[in-house]
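Undergrad: Questions regarding the structure given below will be posed in turn.
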Amino acid sequence: YTDRIIDGSNGDVAIEFYHRYKGDIKLMKSQGFNSFKFSISWSRILPCRCSAFTNNNMCGVGNAATEPYIVGHHMLLAHAKAVTLYRDKYKASLKGKIGISLISDWFVPNSTNKEDIYSVERALDFMFGWFMHPVTYGDYPVSMRERVKNRLPKFTSEEAEMVKNSYDFLGLNYYTSLYAANIIYPDTVNITYIEDYQVYQTGIKNGIPIGKRTGSKDDFVVPEGLLELLVYTKEKYKNPIIYITENGMSDANVTIVEGVNDLQRTDFIRQHLLAIKDAIQDGVNVKGYFIWSFLDNFEWSSGYTQRYGINYVDYNDNLKRYPKRSARWLKKFLSSRDIVSRSDC
1 YTDRIIDGSN GDVAIEFYHR YKGDIKLMKS QGFNSFKFSI SWSRILPCRC
51 SAFTNNNMCG VGNAATEPYI VGHHMLLAHA KAVTLYRDKY KASLKGKIGI
101 SLISDWFVPN STNKEDIYSV ERALDFMFGW FMHPVTYGDY PVSMRERVKN
151 RLPKFTSEEA EMVKNSYDFL GLNYYTSLYA ANIIYPDTVN ITYIEDYQVY
201 QTGIKNGIPI GKRTGSKDDF VVPEGLLELL VYTKEKYKNP IIYITENGMS
251 DANVTIVEGV NDLQRTDFIR QHLLAIKDAI QDGVNVKGYF IWSFLDNFEW
301 SSGYTQRYGI NYVDYNDNLK RYPKRSARWL KKFLSSRDIV SRSDC
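Be aware that the sequence shown starts at 1, since it is given in UniProt numbering, and climbs by one per residue.
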């Protein structure tokens with residue numbers, strides 16, 4: 001569907017990690033990293049397994065008021081079933097752990113109005129609690145039950161027990177914070193997941209952004225939001241083991257000279273690491289941090305117009321990799337553990 005990508009591109013080649021992974025992992029090691037998060041494309045491993053259920057005709061006639069909840073429900077059941085199987089048959093010998101990776105923004109009330117204050121919790125419930133609540137407590141958040149009603153599937157008592165505690169650690173993806181305001185008159189005709197939680201989200205208030213702008217119009221630099229989200233997770237969801245599995249910012253598709261001098265990203269990383277440090281001192285059980293991303297890459301609907309990497313990829317010269325200032329700063333930090341130092345390398 002290249003017509004849905006801003007620059008009309010696709011991910012067929014992307015940055016050729018498939019063929020260059022050995023060199024890229026060597027580059028990671030040279031920059032001081034001891035861990036690497038990557039994803040497996042199950043549609044390539046099992047290309048025909050679900051073809052009959054995901055054809056284009058079916059995707060064109062969906063029900064946005066019910067299907068997101070049905071899909072999410074069965075994802076949770078499948079996840080819990082796999083965790084149960086692993087724990088019963090393989091964990092004793094393999095000693096592995098299974099986590100769940102979820103994304104969430106942090107939300108700030110748009111005003112002191114109590115309805116806007118309540119909308120913050122609702123926004124968190126629908127974005128984060130939708131999955132985090134079941135794997136912690138065995139059911140969906142109360143706000144979802146109250147608003148979605150019979151369109152939200154129910155767990156049987158056996159399923160609830162299976163889903164509850166079906167993870168060993170939480171992978172938390174955080175990019176930005178937004179203002180949340182209650183929507184007084186929601187759309188009651190064209191019902192979707194978005195209308196259900198009845199919250200208007202914006203990064204701008206009275207013409208002023210909630211944080212410094214990034215290359216993405218939707219993301220702002222708000223490190224204190226990560227601290228708030230971590231403390232919130234500790235207090236609401238029984239202080240799980242947490243790995244920050246994605247955190248980063250984009251800039252435009254600029255030249256090599258401009259791209260490698262990514263001072264804003266360098267300071268972004270530093271500020272968010274300081275927020276994590278504060279969270280740990282507050283008792284949050286954070287065990288690791290993964291930047292998004294190690295390399296510039298194909299970014300969803302933005303194609304190649306946005307760059308998130310700490311290493312620059314030259315799309316015009318055989319996809320050569322060039323370390324950015326942020327990569328050099330991280331290497332220095334990892335060797336010295338001096339997070340207080342400024343962004344200079």
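Ideal placement from N, C-alpha and C gives every residue a C-beta, glycine not left out. Here the structure is a predicted model, which is why all the values come from computation and not from measurement.
Of all the options Tyr289, Asn316, Asp317, Phe155, which has the alpha carbon lying nearest to the alpha carbon of Leu170?
TA: The option with the nearest alpha carbon to Leu170 is Tyr289.
Undergrad: Among Ile208, Lys149, Ser166, Ile310, which has the Cα closest to the Cα of Gln264?
TA: It is Ile310 whose Cα lies nearest to the Cα of Gln264.
Undergrad: Which residues in the same chain as Tyr197 place their Cβ atom closer than 6 Å to its Cβ, once the five residues preceding and following it in sequence are excluded?
TA: Hits under 6 Å: Arg122, Phe126.
Undergrad: By DSSP, does Pro223 sit in helix, in strand, or in coil?
TA: Correct three-state label for Pro223: helix.
Undergrad: Need the endpoints of the alpha helix (DSSP H) that Pro68 sits in, please.
TA: 67-89 is the span of the alpha helix (DSSP H), which, as asked, contains Pro68.
Undergrad: What's the call for Gly75, buried or exposed, on a 16-neighbour Cβ count within 10 Å?
TA: Here the sequence assigns Met to residue 75, which means Gly is not the residue at that position. Exposed is the call here.
Undergrad: Run through the region 87-147 for me and flag every whole alpha helix (DSSP H) of 4 or more residues, listed as ranges in chain order.
TA: Fully enclosed alpha helix (DSSP H) runs of 4 or longer: 91-94, 114-124, 130-137.
Undergrad: Could you compute how far the alpha carbon of Glu246 sits from the alpha carbon of Arg20?
TA: Each residue's Cα considered, the two are about 22 Å apart.
Undergrad: Which same chain residues end up closer than 8 Å to Tyr137 when comparing Cβ atoms and leaving out the 5 residues on each side of it in sequence?
TA: Result list for Tyr137: Lys164, in chain order.
Undergrad: Using a Cβ distance threshold of 8 Å, determine whether the region 96-113 contacts the region 199-210, with at least three qualifying pairs required.
TA: Taking 8 Å as the limit for Cβ pairs, the verdict is that the region 199-210 does touch the region 96-113.
Undergrad: Quick check for students: name the residue ranges of the beta strand (DSSP E) that lie wholly in the region 148-189, counting only runs of 3 or more.
TA: Correct list: 169-173, 177-182.
Undergrad: Helix, strand or coil: which one does DSSP assign to Ala18?
TA: The sequence as given places Tyr at residue 18; Ala does not occur at that position. Three-state DSSP puts Tyr18 in a helix.
Undergrad: Straight-line CA distance for Tyr167 to Thr255?
TA: Rounded to whole angstroms, Tyr167 to Thr255 spans 42 Å at the Cα level.
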